[in-house]
Amino acid sequence: MVFGRTLLRSVFKYIRKQMLDEFHRERDSTPQEEKRILLLTNFPTFLNQLEEEIYAPNSPIWHPEFKTQSLHFQSILDSKLKANTSSSRKGEFEKVTLGHTDREGFTTSTLSPGKSARSSDTPLREAKRKKFQEEQFEDIPEETVAEIMATIDDPNYMTGPDMVFSENAPATDEGPKLEEKRNIIQLHVIGNSLTKPVTKQTMLWLVGLQNVFSHQLPRMPREYITQLLFDPKHRTLALIKENKPVGGICFRPFPTQGFTEIVFCAVTSREQIKGYGTHLMNHLKDYHISKGILNFLSYADQNAIGYFEKQEFSKDIKMNRLAYQGYIKEYEGATLMHCELNPKIIYTEFTTVVRKQKKFIKQLIYQTQRTVSKVHPGVTFFNEGVRSIPIESIPGIEETGWKPTSRTTRGQQLEESQDVDTLTSMLKIVLNAVKSQEEAWPFRQPVDKNKVTDYYDHIKYPMDLKTMTERLKSRYYVSRRLFIADMMRIFTNCKIYNSPETEYYQCALTLQQYFITKMKEMGLWDK
Numbered sequence: 211m212v213f214g215r216t217l218l219r220s221v222f223k224y225i226r227k228q229m230l231d232e233f234h235r236e237r238d239s240t241p242q243e244e245k246r247i248l249l250l251t252n253f254p255t256f257l258n259q260l261e262e263e264i265y266a267p268n269s270p271i272w273h274p275e276f277k278t279q280s281l282h283f284q285s286i287l288d289s290k291l292k293a294n295t296s297s298s299r300k301g302e303f304e305k306v307t308l309g310h311t312d313r314e315g316f317t318t319s320t321l322s323p324g325k326s327a328r329s330s331d332t333p334l335r336e337a338k339r340k341k342f343q344e345e346q347f348e349d350i351p352e353e354t355v356a357e358i359m360a361t362i363d364d365p366n367y368m369t370g371p372d373m374v375f376s377e378n379a380p381a382t383d384e385g386p387k388l389e390e391k392r393n394i395i396q397l398h399v400i401g402n403s404l405t406k407p408v409t410k411q412t413m414l415w416l417v418g419l420q421n422v423f424s425h426q427l428p429r430m431p432r433e434y435i436t437q438l439l440f441d442p443k444h445r446t447l448a449l450i451k452e453n454k455p456v457g458g459i460c461f462r463p464f465p466t467q468g469f470t471e472i473v474f475c476a477v478t479s480r481e482q483i484k485g486y487g488t489h490l491m492n493h494l495k496d497y498h499i500s501k502g503i504l505n506f507l508s509y510a511d512q513n514a515i516g517y518f519e520k521q522e523f524s525k526d527i528k529m530n531r532l533a534y535q536g537y538i539k540e541y542e543g544a545t546l547m548h549c550e551l552n553p554k555i556i557y558t559e560f561t562t563v564v565r566k567q568k569k570f571i572k573q574l575i576y577q578t579q580r581t582v583s584k585v586h587p588g589v590t591f592f593n594e595g596v597r598s599i600p601i602e603s604i605p606g607i608e609e610t611g612w613k614p615t616s617r618t619t620r621g622q623q624l625e626e627s628q629d630v631d632t633l634t635s636m637l638k639i640v641l642n643a644v645k646s647q648e649e650a651w652p653f654r655q656p657v658d659k660n661k662v663t664d665y666y667d668h669i670k671y672p673m674d675l676k677t678m679t680e681r682l683k684s685r686y687y688v689s690r691r692l693f694i695a696d697m698m699r700i701f702t703n704c705k706i707y708n709s710p711e712t713e714y715y716q717c718a719l720t721l722q723q724y725f726i727t728k729m730k731e732m733g734l735w736d737k
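Quick note, the sequence shown lines up with residues 211 to 737 if you use the working numbering.
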C-alpha cells in the first residue's frame, strides 16, 4: 500500500463514517432511484468487507504480489493451460533461467537454450487430427526416417533451388542466433521494482534503453517513455551487446486477461537490418508461452505496421473486446494489432524446423521417384472410343502410392451441389411411379378422421402421397433425405396402426420395397 498499513488502519474507520454520513445526507438529492438504492444497499456492505480485510492479520491484500483474478478470463486461461498440458513433446527448447540471488531474482531473467516441453491441442482437436491422419496417411517407416535424416544432416548434402527458404539466403534470425550462441549478444527480461532491490546493472540497462527508445521513437515524449520503462508493472526484453542495450521490447502483461500489451519496440540505427527485431520478438513469444499468455496486443503507427505484420500480427482482432478494453493504452493515429501465439511452436527455432522439414520432404520425394521411375506404354482406351477411364486403371499410378478417394452416390453429389431443380425433377419421377402402383391406393389421400375416428389419437405425425406432392411442388424437398423421411413415415404409420394380417399392412410392405428399388435405380439411395 502506498500509505502504509499502519496509516490506513488508523484513519479508515473515521473515513468510513464520513463517507456513510455523506451518502445519507445526499440520498434524497440523487435523481435516479435505482442508483440511490444500489449505492445505499451495496456500498455499506463493501465497506464492511474492506474493513474486515484491513484489520485481518493475514489478509491477501497486504501481499506485495497480490493480483485480483477475473473469474471469466481466468477460466479461459485455465482451460487453455489444461489443454496445453494434456500432451507434450520434448526437444531442445528455449527456456527462461531466473536468477536465484535476492538482489537479482526479481528484476532480471536470462533467456538461454535448454530443454522444455510444449503443449498440444485440445483433446477434441487432437482426436479429429488423429482420426484424419489414420484415414488419410500411413506412417513412414522409422528406417526411412533415420536414413533421410542422416542424409540431410550430412554437411555435403545439396538440394535444388528453394524459392521460400533458399539455402543461399539465410533466415532473418539466423545471424542473431549464431551471435547469441557465441555470447556476442545476450537477452534479459528486466524491470524496476518497489518491493525488492534493483541491481545497478539493471538500472544502467534501463537508462540505456530509455535513450534507445527516445532516439528511435521521436514522436513519443521522453518523459512518457521514462514513466513506462521504470514502471514496476512493465517489463522489458533487452538485447545486450558489449554490455550495452542496443534494442528491446517494453511490454506489460495482463495475466488475468490472457494478453500482453507491447508498448515500445526498437533497435538502434546502427544495429538494424541484422535480424535483431525478429530475434527479440521470437524470444518474447517463447517467454510468454512459458508463462501461459498466448495473445499480444500493440498499437502500431504507419512506420511499424510492416514490422508487426512480418511478426504475424494482424489488424483483425480475434480477442473479445471486453478482455482488453480499459486495460490497453490507446494512441491517436495508430492501429491496434493482434498476434495469437501457438503453444506448439518454438518460435526461436521455427525457421530451422521448417527448413529441415522442407529438406526431408524433398529427399523423400527424390527417393520415391527413384523407386517408381519406370516408363509405361501409353494408354489405348481412347483409341477404342472410351471417353473417360478410372484413374487407377492407368499403369503405374497405384505404384506411386496413390489411392482412390471414396466414391459418392448420385444423391450425395446432388446434395453437395445443392442442385434443387435437378433433385426435384428426379424425386418427381419417383413419386409419380409410387403413386401409379396398385398398392398405393390407401396412401393417396390423408386419412379421413370422420371415417377413422381414433387414427390421429395414435398417429401424431401423419403423412400421405397428396401432401408429398404438394411439398414437392413448393420446393420443400431440398435434400433427398427429407423426401425419404416423409415416404418412410407413410409406411411406418400404416404398420403402427394396422395389424400385420390386414390388407393395408401388406400394401405398405409391397410399396415400401418398390420405393426403395426405384430410389436405387435413380441413384438416390445409399443405405
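All C-beta atoms, glycine included, are put in the ideal place defined by N, C-alpha and C.
Residue i burial status per 10 Å Cβ neighbour count (16 or more: buried)
i: residue 489; result: buried
i: residue 581; result: exposed
i: residue 229; result: exposed
i: residue 718; result: buried
i: residue 569; result: buried
i: residue 253; result: exposed
i: residue 478; result: buried
Close-in-space but distant-in-sequence residues of the same chain around residue i (CB under 8 Å, 5 per side omitted)
i: residue 378; result: Caution applies to residue 378, whose pLDDT of 48 falls short of 50 and renders its modelled position unreliable; the value that the coordinates give is listed next. So the list is empty, once near-sequence residues are dropped.
i: residue 189; result: Within the shown structure, residues of the chain are numbered from 211 to 737, placing residue 189 beyond reach of any answer.
i: residue 435; result: 420, 423, 424, 427, 474
i: residue 584; result: 606, 609
Closest Cα partner of residue i within the set the options
i: residue 454; options: 422, 429, 631, 482; result: 422
i: residue 679; options: 637, 664, 647; result: 637
i: residue 510; options: 470, 261, 523, 403; result: 523
i: residue 696; options: 641, 395, 613, 403; result: 641
i: residue 251; options: 266, 234, 261, 698; result: 234
i: residue 452; options: 470, 706, 424, 481; result: 481
i: residue 643; options: 584, 729, 587; result: 729
i: residue 483; options: 517, 633, 363; result: 517
i: residue 665; options: 699, 708, 694, 677; result: 708
i: residue 675; options: 712, 703, 663, 736; result: 703
i: residue 647; options: 572, 669, 724; result: 724
i: residue 507; options: 500, 462, 559, 385; result: 462
i: residue 413; options: 391, 439, 389; result: 439
i: residue 273; options: 405, 359, 361; result: 405
i: residue 539; options: 464, 359, 571, 450; result: 464
Pairwise C-alpha distance: residue j and residue i
i: residue 578; j: residue 441; result: 59 Å
i: residue 650; j: residue 605; result: 52 Å
i: residue 525; j: residue 433; result: 29 Å
i: residue 460; j: residue 443; result: 11 Å
i: residue 551; j: residue 561; result: 16 Å
i: residue 547; j: residue 635; result: 52 Å
i: residue 631; j: residue 498; result: 55 Å
i: residue 720; j: residue 692; result: 21 Å
i: residue 503; j: residue 682; result: 55 Å
i: residue 565; j: residue 457; result: 27 Å
i: residue 515; j: residue 471; result: 15 Å
i: residue 495; j: residue 469; result: 12 Å
i: residue 394; j: residue 608; result: 54 Å
i: residue 236; j: residue 223; result: 20 Å
i: residue 221; j: residue 232; result: 17 Å
i: residue 214; j: residue 513; result: 45 Å
i: residue 417; j: residue 261; result: 41 Å
i: residue 357; j: residue 573; result: 10 Å
i: residue 431; j: residue 437; result: 10 Å
i: residue 633; j: residue 698; result: 18 Å
i: residue 556; j: residue 536; result: 31 Å
i: residue 563; j: residue 736; result: 45 Å
Neighbourhood of residue i by C-beta, 7 Å cutoff - its chain only, sequence neighbours within 5 removed
i: residue 263; result: 269, 271
i: residue 527; result: 546, 548
i: residue 383; result: 485, 488, 489, 492, 561
i: residue 705; result: 715, 718
i: residue 533; result: 283, 467, 468, 469
Other residues of its chain near residue i: CB distance less than 6 Å, five sequence neighbours each side excluded
i: residue 426; result: 476
i: residue 701; result: 718, 722
i: residue 521; result: 491
i: residue 389; result: 395
Residue i: CB within 7 Å of a non-hydrogen atom of the ligand SAM
i: residue 480; result: Summarising the ligand content, the structure contains no ligands, and the ligand SAM is consequently not present.
Chain B contact for residue i (CB, 8 Å cutoff)
i: residue 715; result: Although the question refers to chain B, the structure presented lacks it and comprises just one protein chain.
Taking only runs of the beta strand (DSSP E) that begin and end inside the segment 397-453, which ones reach a length of at least 3 residues, in chain order?
445-451
What are the complete beta strand (DSSP E) segments, minimum 3 residues, inside the segment 456-534?
469-477, 505-510
Could you tell me which whole alpha helix (DSSP H) segments of length 4 or greater appear in the segment 674-736?
675-683, 690-707, 713-731
Where in the segment 637-673 do unbroken runs of the alpha helix (DSSP H), each at least 4 residues long, occur, reported from the N-terminal end onward?
665-668
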